[in-house]
Each structure stands twice: as structure tokens, then as C-alpha cells.
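If you number the sequence shown the way the numbering used here does, the last residue is 298 and the count never jumps.
C-beta: ideal position from N, C-alpha, C; glycine also.
Values in this document were obtained by computation on a predicted structure and should not be read as measured data.
Read through the structure below, which is laid out as C-alpha cells, and then see the notes.
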Amino acid sequence: MVGNRTRGAPQVKPKATAQRLFQVSFAPIDELHPDPKNARTHSESQLALLKKSLREWGWYAPIGVARGLVVFGNGRLEAARGLRDEGVHIDGTPSPDEAPIVDLSHLSAEQIKALSLADNRLPELAGWDNSLLAEALGELNAAAFDITSIGFSNADLASLTEAFDPASIIVVPVTPVDDRFWISIRGPLRSQAPALQKLRVLMAEIEGVVVENGTVTDDGPARL
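What follows is the structure in C-alpha cells.
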């Protein structure tokens, strides 16, 4: 008698450990508190520029928050509060009283402190391709865009444009050298002769150049 063959339950592959997903939510502005130990400062002129940028583009980056304190985005938060008090609803939020945030409470205290510093310091280490910067600012200026609203002055544009304008390059006239000239080599006598020989061979390869024999003297320079 052959018994019935039973099939076992299908094997299920274990799921990979779920990774934390970047999620943006909204929080009341008045419930977001700047870190009193935040080392970054914001001048009135910079806050005015931040206000302009929020008016122009709306919320383009969330504020990092951990355990009730702002990790990054203190300047944007202060600018947003100023606009809210002026009755401005920044585009991108359900109400003027809210700001987009990302919760960073999963980080350790040391990671939070380091991230707060890195978020400000790392962009400072970047540079500019001045030729491309001049081109971009020139295009914005030609389109009547106020480049001062993004932190550049008209003087910046003028200096960059002048630096990369071919018409502004000063050509220094160079007078032709004489048909005959001397080349001196200084150094220990034993090394002067081989150096002179290499130079003589090299210059002899140039069309139209005639190299005369030189002498090595005890007073320092050797002449061809």
C-alpha cells in the first residue's frame, strides 16, 4: 500500500530588513524650537534673503527636527515665522502656521550634533566654476531676474563678466629678441658642462637657431 504524499508548506523567503524611509510631515511653526546651542548665526540681511527665497520658491527643503529641537533649518524657520507674522502663506504647506519637517529622532545625540554642524559646514567647502557662474548670472540678469535675491550683487556680476570677457583681456606687447643672446647656467662646474650640452642639443632642433660653442669659467656663469 502506497501512502498519500503530502506536500509541505511552501518556503517563504525572509524579508529583508526594512530600511527607514525619508518622510516629510508638517508641524506647527510655534512648536519648533531652535537649538540654544546651535553654533550657526543668521544676520538680518541673510534672513531677508531667506524670506525672499521662500516667497519665490515656497518650501524647497524641510526642517530637520529631533526630540523637539531643530537640527538644521534654523534660518528658514526664523524667516518663515517672520513671513507668517506678515500674513504670508508660504507655498507648499497646508497653512501659514505649519512648516515641513523631517524627524531625525532615530539618531544618537552625537549624530544629531554632528549633522547640525555638517549641514552648515560641508556646503562651505564647495567652490565655483567662475566661468559657468558668470554665464548663469548673466542669463538671469538678462531675463530681469533680481540676482540680489539669491545672494549675488551687481558688483559680483560685473567682476565675473569682466574677468571672462575676451574683450577685457589686456594684451602686453612683447618686443622681438635680438638675433644674438647669451644663456647663462650657474652651478658646480662639473654639472655645467653636461647641462650646456643638453641645452645645445635641444636648441639645435629649433629651425633657424644657430648654437655657438660656449666656455665654462671659474667665476660662476657659463656662456654659450
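- Secondary structure at A140: strand, using DSSP grouped into helix, strand and coil.
- Beta-bridge partners of D220 (DSSP): none assigned.
- P102 is bridged by DSSP to E172.
- Where W131 is concerned, the enclosing alpha helix (DSSP H) starts and stops at E118 to W131.
- Taken in chain order, the whole alpha helix (DSSP H) runs of length 4 or more contained in the region 182-237 are 183-198, 204-216 and 228-237.
- Apart from sequence neighbours up to five positions away, the residues of its chain that approach L231 with a beta-carbon distance below 8 Å are A208, L211, G212, N215 and I221, ordered along the chain.
- With fewer than 16 neighbouring CB atoms inside 10 Å of its own CB, L276 falls in the exposed class.
- Rounded to whole angstroms, the gap between the alpha carbons of P136 and I175 is 5 Å.
- In this structure, DSSP gives V283 a state outside helix and strand, which the three-state scheme calls coil.
- Straight across, the Cα-Cα distance linking P102 with R158 is about 11 Å.
- Counting the other CB atoms within 10 Å of its CB gives G138 a total of 16 or more, which places it among the buried residues.
- DSSP, reduced to helix, strand and coil, places V275 within a helical segment of the structure shown.
- Per the coordinates, the alpha-carbon of T115 lies some 21 Å from the alpha-carbon of Y134.
- S99 and D109 have their C-alpha atoms spaced approximately 20 Å apart.
- Straight-line spacing of the CA atoms in E152 and S182 works out to 25 Å.
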